[in-house]
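Numbering (the numbering used here), first residue to last: 30 to 395.
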């Protein structure tokens with residue numbers, strides 16, 4: 030079965046929408062031509078045209094069949110005024126193109142509808158400054174509270190984000206655990222993820238088990254690694270430094286999410302020596318590992334067992350369907366809404382932490 034990536038038009042639609050929402054093009058301004066957009070986004074003219082049609086249906090742009098081209102009609106200020114009247118809760122994330130985040134946002138919105146509460150879903154892209162601007166201004170529009178799924182790529186981002194949260198004028202619930210900020214959190218149990226997947230491979234007879242992760246500056250990624258270490262220790266297996274690759278940073282590409290994972294996986298396999306199995310910190314890394322192994326003539330699972338975490342749709346659709354750790358992201362979204370609601374009512378305090386665990390899904394890769 031071929032690995033199927035998200036539709037190119039969807040990516041272009043989301044990319045242009047985020048640019049409009051960020052204020053790159055103001056209401057009434059003419060956007061670059063279709064040809065210019067295609068060159069800038071490295072895609073076909075046809076795909077850009079389809080994305081612009083979708084944006085027109087969404088009320089963000091107006092397409093004119095004259096030299097006027099495409100003009101922005103979405104007004105951020107008016108949208109903010111509307112949200113003030115709506116008395117809304119906000120869900121803020123880097124991008125809905127990430128499947129897990131999108132499912133969490135959907136769960137949040139479903140819970141809001143069940144409680145007759147309006148919501149705003151705001152995307153910031155990879156620009157931390159845009160995230161800061163959105164958070165800093167939401168209180169102007171009577172947003173009652175927000176769930177934030179932050180993308181913090183540098184230590185400086187962490188420091189600035191912490192200051193921003195502490196000075197926020199409205200209650201915030203986080204999807205990561207940042208102690209001391211006075212914000213409740215609803216997080217996945219990273220330790221259980223790493224332990225469960227590693228222990229599964231040990232039970233399958235693997236002893237030379239590698240570990241691949243990037244974004245290790247994030248506490249929740251370090252938890253996954255600690256789960257891997259504990260499983261090895263409990264089995265009496267000594268950890269080998271050459272079988273572990275921990276990249277501190279991450280360089281996400283929402284339009285091509287496998288680019289970095291494939292590069293890292295190939296470097297890892299060339300340096301790790303003989304392996305029975307490898308635990309990847311999340312599914313995109315694992316699917317990148319499958320591609321790198323195939324390129325290097327390594328048969329999965331005969332020569333190498335591979336596991337991931339998240340159970341995104343790509344895991345089941347991979348050329349070798351991926352054994353992974355399934356999370357109920359929609360349920361997490363529901364709980365995030367309920368925690369935000371409880372925090373606003375004063376029923377819980379800022380030290381509250383809710384942890385989610387998932388379950389292993391066994392497929393062909395291990």
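Beta carbons: idealized from backbone N, C-alpha and C, even for Gly.
Backbone CA spacing between residue i and residue j [nearest angstrom]
i           : j           : result
residue 250 : residue 369 : 24 Å
residue 134 : residue 177 : 10 Å
residue 19  : residue 59  : With the chain represented from 30 up to 395, any question about residue 19 goes unanswered, as that position is not in the structure.
residue 277 : residue 76  : 35 Å
residue 244 : residue 140 : 30 Å
residue 137 : residue 384 : 16 Å
residue 179 : residue 274 : 24 Å
residue 90  : residue 289 : 33 Å
residue 167 : residue 341 : 31 Å
residue 253 : residue 216 : 13 Å
residue 88  : residue 184 : 38 Å
residue 300 : residue 237 : 14 Å
residue 317 : residue 376 : 44 Å
residue 321 : residue 365 : 37 Å
residue 305 : residue 333 : 5 Å
residue 38  : residue 269 : 44 Å
residue 381 : residue 314 : 31 Å
residue 328 : residue 51  : 45 Å
residue 259 : residue 223 : 9 Å
residue 113 : residue 386 : Residue confidence for residue 113 is low, a pLDDT of 48 falling below 50, so the modelled location carries little weight; the figure read from the coordinates is stated next. About 36 Å.
residue 326 : residue 298 : 11 Å
residue 336 : residue 207 : 28 Å
residue 104 : residue 211 : 34 Å
residue 302 : residue 294 : 13 Å
As assigned by DSSP and simplified to three states, the class of residue i
i           : result
residue 342 : helix
residue 449 : Limits of the chain in this structure are 30 at one end and 395 at the other, which puts residue 449 out of reach.
residue 199 : coil
residue 167 : helix
residue 205 : coil
residue 183 : coil
residue 151 : strand
residue 257 : helix
residue 393 : coil
residue 112 : Caution applies to residue 112, whose pLDDT of 46 falls short of 50 and renders its modelled position unreliable; the value that the coordinates give is listed next. DSSP places residue 112 in helix when its eight states are reduced to three.
residue 128 : helix
residue 70  : helix
residue 264 : coil
residue 292 : helix
residue 178 : strand
residue 64  : helix
residue 215 : strand
Buried or exposed (CB count within 10 angstroms, at least 16 for buried), residue i
i           : result
residue 99  : buried
residue 53  : exposed
residue 74  : exposed
residue 232 : exposed
residue 86  : exposed
residue 361 : buried
residue 391 : exposed
residue 195 : exposed
residue 71  : exposed
residue 143 : exposed
residue 40  : buried
residue 363 : buried
residue 378 : exposed
residue 64  : exposed
residue 271 : exposed
residue 310 : buried
residue 291 : buried
Host alpha helix (DSSP H) of residue i (start-end)
i           : result
residue 246 : No alpha helix (DSSP H) holds residue 246; DSSP gives it neither H nor E.
residue 42  : 37-50
residue 315 : 312-324
residue 76  : 74-86
residue 304 : Looking at the DSSP string, residue 304 is not in any alpha helix (DSSP H), and its letter there is neither H nor E.
residue 273 : Taken as a continuous stretch (DSSP letters only), residue 273 belongs to no alpha helix (DSSP H), being part of the beta strand (DSSP E) at 273-275.
residue 241 : Unbroken run through residue 241 is the beta strand (DSSP E), 238-242; no alpha helix (DSSP H).
residue 226 : 219-232
Residue i CB to nearest heavy atom of the ligand MN below 7 Å
i           : result
residue 198 : Absence of the ligand MN from the depicted structure is noted, as is the absence of any ligand whatsoever, leaving it without description.
Delimiting residues of the beta strand (DSSP E) encompassing residue i
i           : result
residue 348 : Element bounds for residue 348: n/a, residue is neither H nor E.
residue 376 : Where residue 376 is concerned, there is no enclosing beta strand (DSSP E), given that its DSSP letter is neither H nor E.
residue 58  : Where residue 58 is concerned, there is no enclosing beta strand (DSSP E), given that its DSSP letter is neither H nor E.
Query raised in the report: Does the count of Cβ pairs from the stretch 197-212 and the stretch 339-358 closer than 8 Å reach three?
Result: No, the stretch 197-212 is not in contact with the stretch 339-358.
Query - the stretch 119-132 / the stretch 69-86 touching (three or more Cβ pairs under 8 Å) - result: Taking 8 Å as the limit for Cβ pairs, the verdict is that the stretch 69-86 does not touch the stretch 119-132.
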